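A.B. asks: Just dropping this structure here.
Protein chains: 2
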Amino acid sequence: LITLRNISKIYPIGSQQIVAVDALNLTINRREFAVLAGPSGSGKTTVLNIVGALDSATEGTVTVAGENYQQMTAKERADFRLQRIGFIFQSYNLIPVLTAAENAEFILMLQGIPAQLRRRQIEKLFTELGIGGLEDRRPNDLSGGQQQRVAIARAIAPQPAVILADEPTANLDSRTAEDLLELMRGLNRDKGMTFLFSSHDPLVIAHAARVIRLRDGRLEEDSSTPDS
Amino acid sequence: LITLRNISKIYPIGSQQIVAVDALNLTINRREFAVLAGPSGSGKTTVLNIVGALDSATEGTVTVAGENYQQMTAKERADFRLQRIGFIFQSYNLIPVLTAAENAEFILMLQGIPAQLRRRQIEKLFTELGIGGLEDRRPNDLSGGQQQRVAIARAIAPQPAVILADEPTANLDSRTAEDLLELMRGLNRDKGMTFLFSSHDPLVIAHAARVIRLRDGRLEEDSSTPDS
Ligand SMILES: Nc1ncnc2c1ncn2[C@@H]1O[C@H](COP(=O)(O)OP(=O)(O)OP(=O)(O)O)[C@@H](O)[C@H]1O
Ligand SMILES: Nc1ncnc2c1ncn2[C@@H]1O[C@H](COP(=O)(O)OP(=O)(O)OP(=O)(O)O)[C@@H](O)[C@H]1O
Ligand SMILES: [Mg+2]
Ligand SMILES: [Mg+2]
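The structure is reproduced here in structure tokens:
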């Protein structure tokens, strides 16, 4: 489903070259439940951004669902991302002037789903995420972990083929994180959604069928558990 | 050092009253190393904001270092906070147009410390936090965990009497989090700095000499380890 071939990302800063990702080769298959693990600064967010067409690689090719990103126009990549990929950002990126429900239902609205049906879907999802009742709050009136779950709902609601989740449990207590991972494993199992996380959280790593370890932008280890 | 007496925080939202903190009594003594623990939404950030004079309580009194917050003017509270309290925000609040070093040295500059001396102090602190070499980057060119450590450096650099840290390890891997907690315990032991954390992280809770558990805005449990 997702193939990264010899992917590098280099930022020129002043006279330096910062190598954020270094000649990475990676294949993610349909229905996988995989996590990118590694120290702070090891390249996890950069890899997710490249997979999600939010960022371009300096070298190498990215192919997602048979589509080569470099052969698409900027508009085609944007449309592809909107319709086929759900992205949970490390810093949420919620829109402060919209309510939690308006933030979460955004893509459903673009897909032309009628308002009442959207509201029902969002309310159900919010309840499953433990934020039922918070639909009409603004993001600034929510706790950190509540904001995180609104960002999660926004990515999940359109049921995309692929979910890219950057540190989705960073601001959640272990009970809430467990519930979230159960929810996501259910979507993986029952709807065939592919999940690629980046995470430091041992809980996420424990739930993942495959752990891809990065260090200094390079692949250090790539292991699947035997029963996955 | 810090006394909260019968503290409540209530937000009126539409026709509802949201009780974020409910009749909380708490005393934090000098040199403590304590953590506020509890589920997402249980009131940790709200309590820290009240202790740090960033937010006012709806009911009850807050006394810090003998000063009653309600008896101070807004300017006096702001000065007090700037000089006596270091705050690490759950969402960092770094200034995007300043470099990492400029963000971190801000209060040292207000204190009139000369530029070269400031730079040396910040470089040393950045190295201890594992972000040495990132002084001249802008926050947007840093990873999530690197931004978090810039926010930590900003709070620690002026060596305030009290540090209030809201989820300081949320975006850090366990190795980096361990190093951070060692650094903070060193400051607690050698400089007598008082630390009050809010955290979900079992690592932080394990390092804390005292764990104050919240649930639904109320105190659920308040326990010190025998050797602390
Ligand atoms: N815009 C940029 N300009 C320069 N360097 C960058 C930029 N963005 C990221 N980097 C660097 O690239 C490296 C990888 O960053 P990335 O955000 O992918 O790390 P990460 O694994 O997600 O870290 P964390 O766990 O802290 O979120 C880091 O060393 C970071 O400083
Ligand atoms: N401005 C506000 N208006 C209304 N309700 C609020 C506001 N700020 C916080 N709340 C509510 O108060 C409660 C406590 O919030 P707080 O941010 O203190 O929780 P927290 O323990 O820090 O959670 P987390 O672990 O998710 O960061 C939550 O239910 C939250 O929705
Ligand atoms: Mg990251
Ligand atoms: Mg909080």
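Chains as they are written, first to last, in the numbering used here: chain A, 1 to 228; chain B, 1001 to 1228. Cβ coordinates follow ideal geometry from the N, Cα and C atoms, glycine included. Every value quoted in this text rests on a predicted model; they were computed, and no experiment measured them.
Can you give me the C-alpha to C-alpha distance between Met1193 (chain B) and Arg175 (chain A), rounded to a whole angstrom?
C.D. replies: Distance between the alpha carbons of Met1193 (chain B) and Arg175 (chain A): 32 Å.
A.B. asks: Quick one: grab the DSSP three-state call for Pro12 (chain A).
C.D. replies: In the structure shown, Pro12 (chain A) sits in a strand (DSSP, three-state: E or B).
A.B. asks: What residues from chain A crowd round Asn1171 (chain B), counting only those whose CB sits closer than 8 Å?
C.D. replies: Those are Ser40, Gln90, Glu167, Ala170, His200, listed as they occur along chain A.
A.B. asks: How about Arg137 (chain A) and Ile1010 (chain B): do their beta carbons lie closer than 8 Å?
C.D. replies: No, the Cβ-Cβ distance between Arg137 (chain A) and Ile1010 (chain B) is not below 8 Å.
A.B. asks: Can you tell me where the alpha helix (DSSP H) with Asp1079 (chain B) in it begins and where it stops?
C.D. replies: Its alpha helix (DSSP H) spans residues 1074-1084.
A.B. asks: Between Gln70 (chain A) and chain B, is any beta-carbon pair separated by less than 8 Å?
C.D. replies: No, because no Cβ of chain B sits closer than 8 Å to the Cβ of Gln70 (chain A).
A.B. asks: Going by the DSSP bridge assignment, what does Ser223 (chain A) pair with across the sheet?
C.D. replies: Answer is A:Val211, bridged to Ser223 (chain A).
A.B. asks: Can you list, in chain order, the stretches of the beta strand (DSSP E) that have 3 or more residues and sit fully within the stretch 92-178 of chain A?
C.D. replies: Fully enclosed beta strand (DSSP E) runs of 3 or longer: 162-166.
A.B. asks: Using a cut-off of 9 Å between C-beta atoms, extract the partners of Ile1013 (chain B) located in chain A.
C.D. replies: Those within 9 Å of Ile1013 (chain B) in chain A are Asp136, Arg137, Asp141.
A.B. asks: Report the residues of the stretch 1051-1070 of chain B with a CB closer than 9 Å to any CB of chain A, ordered along the chain.
C.D. replies: Answer set for the stretch 1051-1070 of chain B: empty.
A.B. asks: Does the Cβ of Ile88 (chain A) lie closer than 7 Å to at least one heavy atom of ligand 1?
C.D. replies: Incorrect: Ile88 (chain A) has no Cβ contact closer than 7 Å to ligand 1.
A.B. asks: Can you give the Cα-Cα distance for Arg154 (chain A) and Leu26 (chain A), rounded to whole angstroms?
C.D. replies: Cα to Cα, Arg154 (chain A) sits roughly 27 Å from Leu26 (chain A).
A.B. asks: Let me know the secondary structure DSSP gives Lys1191 (chain B) once reduced to three states.
C.D. replies: Correct three-state label for Lys1191 (chain B): helix.
A.B. asks: Would you say the beta carbon of His1207 (chain B) comes nearer than 7 Å to a heavy atom of ligand 2?
C.D. replies: Every heavy atom of ligand 2 is 7 Å or more from the Cβ of His1207 (chain B), so no.
A.B. asks: Cβ of Thr45 (chain A) within 7 Å of any heavy atom in ligand 3?
C.D. replies: Yes, since a heavy atom of ligand 3 falls inside the 7 Å radius drawn around the Cβ of Thr45 (chain A).
A.B. asks: Can you tell me whether Met1109 (chain B) is buried or exposed? The criterion is at least 16 other CB atoms within 10 Å of its CB, across all chains shown.
C.D. replies: The residue is exposed, with fewer than 16 neighbouring Cβ atoms inside 10 Å.
A.B. asks: At least one CB of chain A closer than 8 Å to the CB of Ser1174 (chain B): is that the case?
C.D. replies: So, interface residue.
A.B. asks: So, for Thr1003 (chain B): in the same chain, excluding its five sequence neighbours on each side, which residues have a beta-carbon less than 6 Å away from its beta-carbon?
C.D. replies: Cβ within range, chain order: Thr1027, Thr1063.
A.B. asks: Give me the Cβ distance between His200 (chain A) and Arg185 (chain A), rounded to the nearest whole Å; I'm assuming they're in contact under 8 Å.
C.D. replies: About 19 Å separates the two Cβ atoms, so there is no contact after all.
A.B. asks: Given a cut-off of 8 Å on the beta-carbon distance, is the pair Leu1234 (chain B) and Leu1180 (chain B) in contact?
C.D. replies: Nothing in the structure corresponds to residue 1234 (chain B), since chain B is present only between 1001 and 1228.
A.B. asks: Could you name the residues of the same chain whose beta carbon sits closer than 6 Å to that of Arg1213 (chain B), not counting the 5 residues immediately before and after it, in chain order?
C.D. replies: So the list reads Ala1037, Gly1038, Glu1220, Glu1221, once near-sequence residues are dropped.
A.B. asks: Can you tell me where the beta strand (DSSP E) holding Leu1048 (chain B) begins and where it ends?
C.D. replies: No beta strand (DSSP E) holds Leu1048 (chain B); the alpha helix (DSSP H) holding it covers 1044-1051.
A.B. asks: Please return the same chain residues whose Cβ sits closer than 7 Å to the Cβ of Gln70 (chain A), not counting the five positions on each side in sequence.
C.D. replies: Within the same chain, Gln70 (chain A) has close Cβ partners Thr61.
A.B. asks: Give the straight-line distance between the Cα atoms of Ala1151 (chain B) and Asn1093 (chain B), rounded to the nearest whole angstrom.
C.D. replies: So the alpha carbons of these two residues sit roughly 8 Å apart.
A.B. asks: Between Gln17 (chain A) and chain B, is there a C-beta pair that is closer than 8 Å?
C.D. replies: No, Gln17 (chain A) lies away from the interface with chain B (no Cβ there is under 8 Å from its Cβ).
A.B. asks: Assign Gly254 (chain A) to buried or exposed, taking buried as 16 or more other Cβ atoms, counted over all protein chains shown, within 10 Å of its Cβ.
C.D. replies: Residue numbering for chain A in the displayed model covers 1 to 228; residue 254 (chain A) lies beyond these limits and cannot be assessed.
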